[in-house]
Structures are given as C-alpha cells and as structure tokens.
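Peer 1: What follows is a structure written as structure tokens; I'll ask about it next.
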Amino acid sequence: MMATTSFRSYAVVSLLLIFFIRPSISIYCDEDDCYDLLGVSQNANASEIKRAYYKLSLKHHPDKNPDPESKKLFVKVANAYEILKDEVTRGQYDYAIEHPEEVFYNAARYYHAYYGHKTDPRAVLVGLLLVLSAFQYLNQWTRYHQAIDMVKRTPAYKNKLKALELERTGAMPSKKKGGYKIDKKMQEDLSKELELQIKGAEKPSMWGLLAVRFILLPYTLGKLVLWYGFWYWRYRINRTSYSWEDASYLTRRALGAPSDSWEYLDESTKKDLIDRRLWVKTNLESYLSEMRKESKRRSTSIPDLVVFIVVGVLVPLNDNLEEDSSNSIPRVEIFKGINFLGRDVIPISDKRLSRKHLSLTVSAADGSTQLAVEGTNPVVIRSQDQRKKLLSREKLTLNDGDIIELIPGHYLFKYKAFNSVKTRYSPSKQKRPLTEGVQDDSPTQKRLRQVHEDEALARKLQSEMNDDFQDKEISVEAIRNFKATKDKIPLTFRLMRVKGLQPWANTNSVSIGDVIQGNVLVAVLSNYMVDLDWLMSACPTIKKIPHVLVVHGESDGRQEHMKKNKPPNWILHKPSLPIAWGTHHSKAMFLVYPQGVRIIVHTANLIYVDWNNKSQGLWMQDFPWKKQDSPDKGSGFESDLIDYLSALKWPEFSIQLPQLGNLNFSSTFFKRFDYSKATVRLIASVPGYHSGSNIKKWGHMKIRSVLQDCVFDKEFRNSPLIYQFSSLGSLDEKWMTEFAFSMSSGVSEDKKPLGLGEPLIVWPTVEDIRCSLEGYAAGSCVPSPQKNVEKAFLKKYWAKWKANHTGRCRAMPHIKTFTRYNGQNLAWFLLTSSNLSKAAWGALQKNNTQLMIRSYELGVLFLPSSTIHAHAFSCTENGSTAENNYFGPTLKTDEAKITKLVTLASPHNKKTDLPDVITLPVPYELPPPRYSSEDVPWSWDRRYQKKDVLGQVWP
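Laid out in structure tokens, this is it:
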C-alpha cells in the first residue's frame, strides 16, 4: 500500500514538473544548438571549442562591437562555452540531444549540476541538527519563562512564597491587609527554593534536544530492544506473573489513561483495576459494559411535566383547497419554539417526504413563524395568490392563511395562527419551567390528562411503527437480501469483496478469482495501473492462458519494469494519447472461451488495495459465438464495443483457437460474437477532438444521445442526480451545467422532457477517510487537490458517503457511479471508470460543435427494458448455449413488461421472484445526507494532524 502511495505521488510530481520544465535541450542554450553557436561540430575537442569561443568573443564583445544584436549573441556564445568546456555538463548535453524524450531525467541532471549543493551532506546534516536544536532550546526556554512569570503573578504562588519567608524568619503574620511585604531581594532568593514544574512548559534540558537525541539514537534503540527482549523472556517464555509496575502499565494502556491521571488514583482503585486484568480483551469489554450500565442507571430520573404553548395549527386541504374531511391526515399543532414536520409527524408514506422535511420556528419574542426546508426536496408556499418555491436550506416567514405544499402540487396544509394561547402537557426527562399563568390542577384533572397523554403517545408510536418499521427493516444490512440469480447477473452489477468487513457486508460480492476462471483461451486486460506480481498470485488461472494482452496506462518507468517481469506470452500495449494530461483509465476484461466471450467492466485497478480495501463495482455478461447460418443484425452494444476497441489500436497478433484454427486477433475479432442479448449500453470516452457525427459517440454527449431516446416513468420528472466518483477535476459552473444537461436528458411517458435534475456529489469527508479501514492511507486513492475540492460553487453539491446498508462506511469508495433517482427507484444507473472531470467526460468547444476528450474511459449504463424469460448463457458452465436470457430493447407487445430499477433499500429487494424488478446494489444510501457545517471534503494535499485509526497523521 505504501509503494502504491509513493508511486502515485511520484507520478503526480513528475507530471507537474514536466508541465513547467521546458524541453530537455532548450534548458541549455534556449532554442539554439550549443555547437552551432560556437561554429564547431559535436566531435570537436576542448582546444577547438576554446579557440572558437575566443574568436567569437573578440568579434562580439560589447567593448569592441556596440551593436545590440551582437551583445545578445555574445551572451549566448558565452553560455554555450560554459556548457561545453566542462566534460560533465557537455556529456549531459550530448545525452539530452540523443534522448530528447527523457525530459524529466535531462532536466533533473541539468538543475542538479548548476544548482545542486556542493557541501558534504554530513556537514549539512550536522548543521541542520544544530540549527534545529538551537530553535528547539530557544522555544522551550521562552515557553518555560513565560509560564513561570504567569504563575508568579497568581495569589497562590504569592501566598506560598509568603509562608516560606515566615518559616525562614520566624516572624508573625500581620492581620492588617497588605501589612506584610517581602523584600524583592529576599523574594528572588526564596523563589529559587520553589521548584515550579508546569506541565507543557517544562524546564529546558540538553538531553531533550534533537541533536543530542540523534547522537544517542543507537543507545536508545539498543535499550528499547533489551527492554522488549526482557519483557518477552520474562512474561512470554517463563510465564511469570506481572510485576506491579508492569501490570499498572498494561492496565493504563488498556484504559487509554494518561500517566498523570493514573497517578492521581488511590491505591485501592488501582489494585481493583489491576485485579480485573483489563489488558485481556474480554475483561475490558465486561468492565466497560458495567460502567455504561452504571452510568445509565445514575442518569435515569422521573419525568417531569412540561407545558408547551400551542400557537397555531396546520389544516390539511384537498385539491379544491377545502379542509379535508376524510380524516386520513390529522391536523398538526404548532408550538412555540422549533417544530419539525415530516413522516415522523404526518402519516404519509410518500418517500419524497423526509422524516424532517421542514421546520417551523415560532419566535417567543414577537410570535413570528419562520419556515425552513430541511430535506432535499423543494416546498411550495402559496401566499396572497402567489406561489414561491423554496429549495433545501431556504427560509421564509409564514403568515396566517398561507398554504404549504409539502411536495409541489401534493399534500397541502393551511396555516392558522391562534389569537389566544393554548397549552399542551407532555412528560419529559428534563426539567423545564411552566408557562406563566398555568395553575395547578386537581388530582382528577391530572389523572385524566395523564390518560390523554398516554393515549396520544400510543397513537404516535403506532403511527411511527406502521410508517417506519418496514423501511428500517429493509434498510438495515439490506445487502443480506441481495441475491443475484444466474439469469439476472447480467442485469445488475455486484460489489467487490472487501477484507475486514462483517461477513454479511460481502453477500454476493465478487473477487478477481470469481471473474477470471474456466478455460480461457485469450484475455484482454484493460486498466490504468497493473501489478503483475499481485495479479498472478491472486489469480493463478491467468498463468495458464495462452494469449494475454495487457492494455495499460502506466508510466514509462513502470512499463519497463513490467516488460522485465511479464511472462513471454504476454503482450503489453499503452494506447497513444494525442492530447496532453490524458491517460488510459478504462477498467475492463475481455475473456475468450471455446463457448463465447465474457465481457467485464469494473472500477478497480489491477492492484492489491483496489481489490481488497476499497468499495468497488463490477458488471459482466457472457455472449455466445454467432451462428454462421443466422443473419448478422448487429446491435448498439456491438457497434459501441467495436468502435471503442478500434480506438485502442493494439498490435495485431495471431492466436490458435480450437475448431477455428489460426486467427488474426484485432478489434474486428470481437464481431464474431452475438451481442443481441446485451443488457446494458456501453458509454466510452476516447481522446481527441470529436466533431460531426462522432460528437455523439463519446463522453457525456454519448449518454445524452442514449437517454434522449429513452422513455421514463413520470415520477422521474425533475428528480435529483447523483455524481459519485473518486477523483475531482478542475471544474467550473459552466461545465457543470453542460454536464447536468446531458445527465438530465430523456422524456416521460407523455413525451415531455424530464427536466433538469439537481445534482449532488457523494464525496468522503476528512473524518470518513480518517476513520476508514486504511486510515489516511485510503486518501491516496481519492487524489484530488485542495484547489479543485474547495471551490466555493461546489459547496451546494456536497453529500456524505454513507453506506450502512452495505456495511461499507469504512471502505472508501473507488467505485464511480452516476444515477437519477426518486426515493429508492432509479431512472437509470451508470457504472464507469470516469471521474468527474473534463478529461474523462469531455468539454464542448467551438459553439458546441466539437467535443474535446483527453482520456480513455469505459462504463455500462443500466436502463429499464422489456423481459422475456429463458435460460441463462454462461461460458464457464455446462449446458445448452442455444437458449439464453433475452433482455433486449423494449418490445411493443402486450406481454412485454418494463423492468423497474430499484436500490437495496427498496421493499422489492426481498422479492426475488419479481421478474420485472432489477435490484442494483448501490453502495451508498439514497438520498445521501448533505454535509453539515462541520464536515470538510477530503483533499489529499492538505495536512491532517489528528491521528487516524492506525495512529498515523497525513501526509
């Protein structure tokens, strides 16, 4: 994991340096050739170079030739001579001429030769240690004397000094105020006798200085090794009982108590804690459980009666704006203070209504009522024949007679304010003062009121249970119920297995061994980062494959390492990148079997941490060979696939397949398979400037064109969007609008556009990274700098990574997903390698006639479709390949049903027998909670001093 982190840091720094450093030759003599400036050949010896320089200097020296151009030429000639007269710099220059592609290496040698230090590194180290030690001592001395001066001004110190002086002199204290004063000289002498030890500002000591500790480092390490050896010998081998000091240390460490806190405990308490042997995990858990129970018992108190003041009521209305007489929705009383309204209060099962949908705050001073939208969906206020739409976090003053639409056009309530004050009573665990003017009641009235309150409480609990119990039962550990049957595997995707999670969190998840299996004849592994050593150890099957093509995006240095360590039958290919700062970022596998081909699109690099520690996703489907006697109808999936593979331009090679003989392996080879049963659409990006008909083939323009041809349910009109990814590019508001327009494409059943959706960005906070399975190290795979993350306009988009239902709150996301949703229903869902960046998705140019893309990307788009039941086709299982599941384009027949895409939290998740419901294991919760004021989005180039779960800081 550390190797991956350092490699990524090196790659980023290298790219930045290459961007700012000029070409490797021009850093020596600008755009000129040093040999041409002196008029000599590259094979000239030192004397020839010297003679040429003297000749030119006499001709162009400013003292002899006043021409300004001659002066400039003299400076260039002098610079060229300085480079060529020294054998070392001349050799570096010659190497740069022969290897102009090694920009970074040549630039590093140049700057090291001219600006590198000439001092012995040992002297530099000694000097640095001495300077740091001097600053360290000065800092300690300053802090100590500042603390001493503050203590000397306190009354406690003066009283102690006075008592010491009286003890020395034997004088009697004066009873008059200020009647006894200490002489300044005596005060200085007495203060030396008082040893002041102040925690955090100890007296400076030479032994604590950095230089001294560095010198004593071998002694310290040796002492530490001896101590550990003694401990191991005494307590592990000889099995002797722990001494009092060692048992105290173990107990203190188990409780996480500082040493000074431990010292303040009395001996009996220490002995009791040591006798419990808290360094044993079970004993510690039992002790902590007892402490929690005791704390809970002490905090339990008898509820007191609290009086609330009712200032108004919300009256439910029907469509005719008349009071609803059906009693299906009760009136809602409004009290002084803050009132939260939502599904916790109003018995409405519509999931668009959140539990805390809005708040009404009634001021105690002037009685005004302020409405604030707390949920993600908007609220409409009708006031004096005007309708005003309030978005999340917006506020408005509510007047008597105003009408509230909890969901625009639905669930109407009229606000009525009371002129006189009413009171309501409720039991509470906290004591609160009664409202003025409320008198004590008789015992009969109290008893009747208590019965009324109990009945009201019972009705409220029953309403909450009916409304929420099913949701909670479904949401908690919802992935337990995710069962992708064989016939539905191509219709959904699966999460990858994560080490360190509870077993239920890995239900129906996959690892690399579940994907690459069986009799594979040819494998194409397309990825960004590839660790060959890990890949072959994690998946031994891959060693047996006769032909393996690795399409990668590794750097040149890493590519050389791969060439040296790859098996002889493996071919490496890095696609060309015509536009700077692009990369090959796609993550896919194409496995050819005797029965057909398996296509896998996923989100993980071929490295250990991505397949074991991150939240990742994977889709795959098997396709049979085309029948020779069947007509070649083609499909959208096939054309998209061939276009993408053709853009990779890998070197063609020959393969030997049973029954087919010797074949040429190129992108057109994949036309031999039948993709008519493909369940998804491919959304790819390839670098270049795309215009004309090609503009709709790639990037966000591709998904725009696909969605424009789709018909969705009416519930997805103006529904929100989710962007979830692991790296954020340098964005602006104009491009975000352009991207949202593509993601909002599509029409409803009545042919009306769905409308622009409000996007949210699901992104881990600093605290999420700190508390993750890997601690701060997980942030290396969320590589976005502070300048990209902390742009002001992005604040309205941030939403938290919350994944309790899949058990992946601590498994940081490397998965990339984009979706449009309403509640737990999905209009569409995209699993892709694309992060949110212009390089991945493309940016429109030249008045929207050209799309510029820098990188290769690949993803799969899940859409509602029609279903016909059949048997599943598999390349790795025995069975008939003639009958396959058919999940093709929508069939316009009475028997065809449109599939419904839902999340794990949907009630349909448990109903696996519903053929028209497809469950997608979206790893994060919908709707995602927005950032609070305390949440900070993660950026990997900031310093974080608060230690993570592994005790580390960042970087």
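Counted the way mature numbering (1 follows the signal peptide of the UniProt record, and there is no 0) counts, the sequence shown spans residues -26 to -1, 1 to 929.
We treat Cβ as the ideally placed atom computed from N, Cα and C, and that holds for glycine.
So what does DSSP say about E297, is it helix, strand or coil?
Peer 2: DSSP places E297 in strand when its eight states are reduced to three.
Peer 1: State buried or exposed for N480, treating a residue as buried only when at least 16 other CB atoms are found within 10 Å of its CB.
Peer 2: With 16 or more Cβ atoms within 10 Å of its Cβ, N480 is classed as buried.
Peer 1: Quick one: using the 10 Å Cβ neighbour count with 16 as the cut-off for buried, is Y193 buried or exposed?
Peer 2: So Y193 ends up on the exposed side.
Peer 1: Assuming G556 and S829 are in contact, meaning their beta carbons sit under 8 Å apart, how far apart are those beta carbons, in whole angstroms?
Peer 2: G556 to S829, Cβ: 4 Å. Contact.
Peer 1: Out of L825, Y209, K245, which has the shortest C-alpha to C-alpha gap to I709?
Peer 2: Looking at the sequence shown, residue 709 is not Ile but Trp. The shortest Cα separation from W709 among L825, Y209, K245 belongs to L825.
Peer 1: Do the CB positions of R784 and S746 come within less than 7 Å of each other?
Peer 2: Yes, these two residues count as a Cβ contact at 7 Å.
Peer 1: What residues in its chain sit with their C-beta under 6 Å from that of H558, if we drop five residues either side in the sequence?
Peer 2: Excluding positions up to five away in sequence, the list reads G527, P549, Y830.
Peer 1: Look up Q404 in the DSSP assignment and say whether it is helix, strand or coil.
Peer 2: Any answer about Q404 is weak, because its pLDDT of 39 lies below 50 and its placement is not dependable; what the coordinates show is given next. Three-state result, Q404: coil.
Peer 1: Among L551, K517, P552, K776, which residue has its Cα nearest to the Cα of K540?
Peer 2: Among L551, K517, P552, K776, the Cα nearest to that of K540 is on K517.
Peer 1: Should F713 be labelled buried (16 or more other beta-carbon atoms within 10 Å of its own) or exposed?
Peer 2: By the neighbour-count rule (16 or more Cβ atoms within 10 Å), F713 is buried.
Peer 1: Taking the CB atoms as reference points, tell me whether I519 and V494 lie closer together than 7 Å.
Peer 2: Yes. Within cutoff.
Peer 1: Please report the residue range of the alpha helix (DSSP H) in which residue 938 lies.
Peer 2: Nothing in the structure corresponds to residue 938, since the chain is present only between -26 and 929.
Peer 1: Could you check which residue in T371, A813, Q590, V575 has the C-alpha nearest to that of M563?
Peer 2: The candidate whose alpha carbon is nearest that of M563 is V575.
Peer 1: Would you mind reading off the limits of the alpha helix (DSSP H) that contains A97?
Peer 2: Per DSSP, A97 belongs to the alpha helix (DSSP H) from 95 to 126.
Peer 1: Tell me where the alpha helix (DSSP H) around W914 begins and ends.
Peer 2: Element bounds for W914: n/a, residue is neither H nor E.
Peer 1: Could you please give me the residues that DSSP links to M594 through a beta bridge?
Peer 2: DSSP, once it has assigned bridges, lists I574 as partnering M594.
Peer 1: Distance check for T335 and P838, CA to CA, integer angstroms please.
Peer 2: Cα to Cα, P838 sits roughly 43 Å from T335.
Peer 1: For T350, count neighbouring Cβ atoms within 10 angstroms of its own Cβ and tell me buried if that reaches 16, exposed if not.
Peer 2: That one is buried.
Peer 1: So, is D220 buried or exposed, given that buried needs 16 or more other C-beta atoms within 10 angstroms?
Peer 2: D220 should be labelled exposed.
Peer 1: Nearest to V498 by alpha carbon, out of P632, L622, P352?
Peer 2: Cα-wise, what sits closest to V498 is L622.
Peer 1: Does the Cβ of P95 have 16 or more other Cβ atoms within 10 Å, making it buried, or fewer, making it exposed?
Peer 2: Burial call: exposed.
Peer 1: Using the C-alpha atoms, what's the distance from S811 back to G673?
Peer 2: The alpha-carbon atoms of G673 and S811 are separated by roughly 11 Å.
Peer 1: Flag this pair as yes or no: are the beta carbons of Y67 and Y27 separated by less than 7 Å?
Peer 2: In this structure, Y27 does not lie closer than 7 Å to Y67 by Cβ.
Peer 1: Expressed to the nearest angstrom, what Euclidean distance is found between the alpha-carbon atoms of D507 and P514?
Peer 2: Cα-Cα distance, rounded: 11 Å.
Peer 1: Does DSSP put T459 in a helix, in a strand, or in coil?
Peer 2: Coil.
Peer 1: Label L99 either buried or exposed according to how many other C-beta atoms from any shown protein chain fall within 10 Å of its C-beta, with 16 as the threshold for buried.
Peer 2: Result: exposed.
Peer 1: Using 8 Å as the threshold, is the stretch 758 to 777 in touch with the stretch 910 to 917, meaning 3 or more CB pairs across them?
Peer 2: In short, these stretches touch, since the Cβ pair count reaches three.
Peer 1: To the nearest angstrom, report how far apart A751 and Y898 are at their CA atoms.
Peer 2: Roughly 21 Å between the two C-alpha positions.
Peer 1: Return helix, strand or coil for S665, following the three-state DSSP convention.
Peer 2: Looking at S665 - three-state DSSP - the assignment turns out to be strand.
Peer 1: For a test of the three-state rule: what should DSSP assign to K708, helix, strand or coil?
Peer 2: The answer is helix: DSSP assigns K708 an H, G or I state.
Peer 1: Starting from H535, follow the alpha helix (DSSP H) in both directions and report where the run begins and ends.
Peer 2: First-last of the alpha helix (DSSP H) with H535: 530 to 539.
Peer 1: Flag this pair as touching only if the stretch 686 to 700 and the stretch 795 to 810 have three or more C-beta atom pairs under 8 Å; answer yes or no.
Peer 2: Yes, the stretch 686 to 700 touches the stretch 795 to 810.
Peer 1: How should W928 be labelled, buried or exposed, when 16 other C-beta atoms within 10 angstroms of its C-beta is the threshold for buried?
Peer 2: By the 10 Å Cβ count, W928 comes out buried.
Peer 1: Could you tell me how far apart the beta carbons of S260 and K244 are, in whole angstroms, since I believe they sit closer than 8 Å?
Peer 2: Between K244 and S260 the Cβ distance is about 19 Å, and since that is not below 8 Å, they are no contact.
Peer 1: Hey, how far is the Cα of V504 from the Cα of R471?
Peer 2: Their Cα atoms are separated by approximately 19 Å.
Peer 1: When you compare each of P632, K920, R361, A81 to G749 by their alpha carbons, which one comes out closest?
Peer 2: When only C-alpha atoms are compared, the closest one is K920.
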